[in-house]
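Participant:
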Amino acid sequence: MHDSLLADANPVRHYQGEPFRAHRTIRSGIPSYLSHAAALRGDAPYLTAVAEDGSTTTVTYQELDEYSRRTAHWLRTECAVPPGAAVGLLPVNDAESVIGLFALLRAGNPALVLNPADPTARLTEQTGALDIGIVLRGPRVPEDSLTGSIRLPDPRRLPPPPPGNVEAPADPACDALYFGTSGSTAASKLVAQTYANAIANAEAVRRHHGLGPDIRILGCLPIHHVNGVHFTLIATLVAGAHAVLAELFSPFGYPSLLTTYRPRIASVVPSLLDALTETWRRPELPGNFDYFVSAAAPLSTTTARAVHDRFGARVVQGYGLTETTNFSTSMPADLSDEAYRRLVLDADIPSIGIPVHGNEVAALTPDGSLAEPGVTGEICMRGHNVMSRYANNEASTAKAFRGGWFHSQDLGHQTVDDESGRTVFVITGRTKNVAKVRGETVSLEEMERVLRAHPGLRDAACAAVPAPLLGEAVSAAVVAPPELADSELRAYLRRHFAEGVLPARIVRVDKVPRTATGKILRPALRDLLAPPAQ
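Heads up, the sequence shown is in this note's numbering, so the first residue is 7 and it goes up one at a time.
See below:
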């Protein structure tokens with residue numbers, strides 16, 4: 007990095023002026039967590055993977071340690087992968103993929119975590135960007151997903167490393183994981199996360215949610231996604247907890263997972279909660295269930311209220327980006343009923359909560375100064391969760407790290423909660439998710455929130471499209487029943503927006519294009535809503 011970039015990059019990764027120091031955590035690295043948990047927890051379950059057909063595979067802490075050692079040794083000896091070389095991984099939610107991921111982490115080989123559902127061209131572009139020589143795939147990933155990929159072996163059939171085989175611990179500052187950004191607002195970039203990022207995030211999650219031995223976490227988000235890797239897998243390991251990992255989410259099968267495995271918390275995204283509230287006819291959560299943790303996409307008041315009214319449960323919203331290793335903020339788990347109602351159920355926009363341990367968050371004005379409480383600014387972060395960089399993209403890294411903060415491109419404000427005295431944050435939109443209609447700035451997120459609150463709509467998303475004379479116009483994609491007329495939707499929007507900025511087109515769609523974690527795919531949406539050819 008150039009000196010000017012380093013000057014901004016170093017404070018971005020500091021928390022309260024201090025860099026990450028591994029000795030201040032319980033263990034110094036992923037391999038030591040694996041070994042320590044095996045010695046301490048042994049036969050206790052680390053993972054129960056639940057396949058789509060209901061079959062299960064349970065991996066104990068001892069087995070996770072042993073099988074990841076065997077797979078790391080296989081990688082070094084049979085695949086001839088040298089230490090430090092990046093390796094691609096096409097994982098699915100199964101035990102072999104989880105063990106493969108930890109094998110790479112303990113071997114000191116950074117893992118480029120790939121989405122098996124991505125087109126071959128995108129996968130090839132990502133692996134080419136890092137000069138990846140070998141790609142491993144989970145056993146349920148089709149062989150033709152990427153030509154030349156190698157199926158992960160059954161670790162039970164692999165020989166153990168020879169006696170005296172010593173693992174060299176990776177430097178916490180070294181790259182551990184690479185993830186492609188979702189590309190929902192711009193071209194996808196590759197985020198480089200370090201071992202320090204992974205440990206810092208896991209420790210923050212452990213503290214915030216009070217995770218520990220004998221606590222069960224239900225996860226169903228894909229482990230090719232940052233949330234699935236860091237929350238469901240790595241935070242569980244660091245806490246010594248038990249992860250139940252569903253291969254897929256089914257609104258009809260999910261209730262049985264809750265009643266069978268009795269988790270204390272469950273990791274979801276808002277769209278999954280919406281499906282659950284619509285389909286679970288006689289909901290009954292386990293007596294020990296505390297709350298759903300929602301992240302990766304904005305939580306609406308409508309969704310939070312539906313979960314509260316139908317299930318009697320809370321949704322604890324977390325916020326973070328791939329660039330900030332999963333979580334930067336989270337709603338406190340200890341809110342009083344009155345505070346939860348004020349900050350979530352009765353709020354126009356549910357709060358994303360407070361910074362988690364190791365992170366500082368601020369709403370900054372364009373000149374870099376702190377925005378006054380209630381005044382919208384760009385949400386910026388610094389701390390131990392912030393990525394190392396965008397791999398091979400110094401210009402984007404410099405832009406994101408300017409002024410000693412990571413710039414999220416999310417808009418929001420901060421306020422002080424009267425009851426607790428804590429500073430809480432609210433996300434109001436994206437800096438790029440706006441339309442300029444007749445020179446007036448229209449927040450697409452705000453219009454989407456209003457549309458989704460209409461009782462007849464199942465989903466909605468908006469895009470800015472070029473328009474003669476206007477500059478831009480708003481087009482809306484809606485998932486709505488045929489009997490709900492466009493005129494009724496416009497009349498509903500008219501209560502919240504000026505006539506001149508209402509959608510010029512309303513397009514009926516079967517579904518809004520979203521990522522696996524519920525984020526709107528903005529480029530696909532714009533293509534969907536592009537004006538018809540003349």
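Each residue gets a CB set at the ideal place from its N, CA and C atoms; glycine is no exception.
Please report the distance separating the alpha-carbon of R582 from that of L476.
Facilitator: Not covered by the structure: residue 582. The range shown for the chain is 7 to 540.
Participant: Can you tell me whether N99 is buried or exposed, with buried defined as 16 or more other CB within 10 angstroms of its CB?
Facilitator: Buried.
Participant: Skipping 5 residues on each side, what residues in its chain have a beta carbon closer than 8 angstroms to that of L162?
Facilitator: Just to set this straight, residue 162 is Arg in the shown sequence, not Leu. Within the same chain, R162 has close Cβ partners Y73.
Participant: Taking C-beta to C-beta, are L183 and A78 nearer than 8 angstroms?
Facilitator: Not a contact, by the Cβ cut-off of 8 angstroms.
Participant: Indicate whether Q68 and A44 have their beta-carbon atoms separated by less than 8 angstroms.
Facilitator: Contact: yes.
Participant: What are the complete beta strand (DSSP E) segments, minimum 3 residues, inside the region 445-520?
Facilitator: Entirely contained in the region 445-520, the beta strand (DSSP E) runs reaching 3 residues are, in chain order, 446-449, 465-473, 477-485 and 511-514.
Participant: Can you check whether the CB of S357 is closer than 8 angstroms to the CB of C386?
Facilitator: Cβ distance not < 8 angstroms, so C386 and S357 don't count as in contact.
Participant: In angstroms, rounded to a whole number, what distance separates the CA positions of T66 and Y52?
Facilitator: Each residue's Cα considered, the two are about 5 angstroms apart.
Participant: So, are the CB atoms of V250 and T54 less than 8 angstroms apart?
Facilitator: In this structure, T54 lies closer than 8 angstroms to V250 by Cβ.
Participant: Out of D516, E494, P519 and V515, point me to the one whose CA is closest to L508's CA.
Facilitator: Checking every option, the nearest Cα to that of L508 belongs to E494.
Participant: Can you tell me which of the three DSSP states F143 falls into?
Facilitator: Checking the sequence shown, residue 143 turns out to be Arg, not Phe. Of the three classes helix, strand and coil, the one that applies to R143 here is strand, per DSSP.
Participant: With distance defined between alpha-carbon atoms, name the residue in G259, R222 and L110 nearest to A241.
Facilitator: Closest by alpha carbon: R222.
Participant: Could you name the residues of the same chain whose beta carbon sits closer than 8 angstroms to that of A71, not counting the 5 residues immediately before and after it, in chain order?
Facilitator: In the sequence as displayed, the identity of residue 71 is Asp instead of Ala. So the list reads L40, S41, A43 and A44, once near-sequence residues are dropped.
Participant: Only counting the same chain, and skipping five residues up and downstream in sequence, which positions put a Cβ closer than 6 angstroms to that of P538?
Facilitator: No residues qualify anywhere along the chain.
Participant: Mind checking which residues open and close the beta strand (DSSP E) that includes E344?
Facilitator: From DSSP, E344 is part of no beta strand (DSSP E) but of the alpha helix (DSSP H) over D343 to Y346.
Participant: Is it buried or exposed, K438, if we count other Cβ atoms within 10 angstroms and call 16 or more buried?
Facilitator: Flag for K438 reads exposed.
Participant: Under the three-state reduction of DSSP, which class applies to S190: helix, strand or coil?
Facilitator: Any reading at S190 must be qualified, since the residue scores a pLDDT of 42, below 50, and its modelled position is unreliable; no value is offered.
Participant: Give the single residue among A491, P472 and T285 whose Cα lies nearest to the Cα of H460.
Facilitator: Checking every option, the nearest Cα to that of H460 belongs to A491.
Participant: For L428, which residues of its own chain have a beta-carbon under 6 angstroms away from its beta-carbon, when the five flanking residues on both sides are left out?
Facilitator: Contrary to the premise, residue 428 reads as Arg rather than Leu in this sequence. So the list reads I360, once near-sequence residues are dropped.
Participant: Using a Cβ-Cβ cutoff of less than 6 angstroms, which residues in the same chain neighbour A210 once the five nearest sequence positions on both sides are dropped?
Facilitator: Only V362, H363 and G364 meet the Cβ criterion.
Participant: Can the beta-carbon of K517 be found closer than 8 angstroms to that of A303?
Facilitator: Contact flag unset, no.
Participant: Identify whether E400 lies in helix, strand or coil by the three-state DSSP scheme.
Facilitator: If DSSP states are grouped into helix, strand and coil, E400 belongs with the helices.
Participant: What residue ranges within the region 282-357 form continuous beta strand (DSSP E) runs of no fewer than 3 residues, ordered along the chain?
Facilitator: 297-300 and 320-325, all fully within the region 282-357.
Participant: So which of V119, E84, G106 and G114 has the shortest CA-CA distance to G94?
Facilitator: Answer by Cα proximity: V119.
Participant: What are the complete beta strand (DSSP E) segments, minimum 3 residues, inside the region 384-434?
Facilitator: DSSP runs (the beta strand (DSSP E)) wholly in the region 384-434: 412-422.
Participant: Classify F333: buried if its beta carbon has 16 or more other beta carbons within 10 angstroms, exposed otherwise.
Facilitator: By the 10 Å Cβ count, F333 comes out buried.
Participant: Using only the alpha-carbon positions, how far apart do P178 and T447 sit?
Facilitator: If I take the Cα positions, the gap works out to 44 angstroms.
Participant: Let me know the secondary structure DSSP gives D533 once reduced to three states.
Facilitator: Three-state DSSP puts D533 in a helix.
Participant: Alpha carbons only, please: which of T523, I512 and L463 is nearest the one belonging to A479?
Facilitator: Out of T523, I512 and L463, I512 has the C-alpha closest to the C-alpha of A479.
Participant: Is P276 helix, strand or coil when you go by DSSP?
Facilitator: DSSP places P276 in helix when its eight states are reduced to three.
Participant: Assuming V422 contacts P379 (C-beta within less than 8 angstroms), just tell me the rounded distance between them.
Facilitator: About 6 angstroms; that satisfies the 8 angstroms criterion.
Participant: Can K195 and N16 be called in contact, C-beta distance under 8 angstroms?
Facilitator: Not closer than 8 angstroms, so no.
Participant: Could you give the first and the last residue of the continuous alpha helix (DSSP H) run that contains Q132?
Facilitator: Element bounds for Q132: T126 to A135.
Participant: Taking 8 angstroms as the cut-off, decide whether the C-beta atoms of A434 and T382 are in contact.
Facilitator: Correcting the residue identity first, residue 434 is Thr in this sequence and not Ala. It is a contact, given that the beta carbons lie within the stated cut-off.
Participant: Cutting at 8 angstroms between CB atoms, please list the residues of its own chain near S402, excluding the five before and the five after it.
Facilitator: If we look at S402 and ignore the five residues flanking it on each side, its Cβ neighbours are K195 and Y396.
Participant: Cβ of A377 within 8 angstroms of Cβ of H419?
Facilitator: Yes, the pair counts as a contact, with Cβ atoms nearer than the cut-off.
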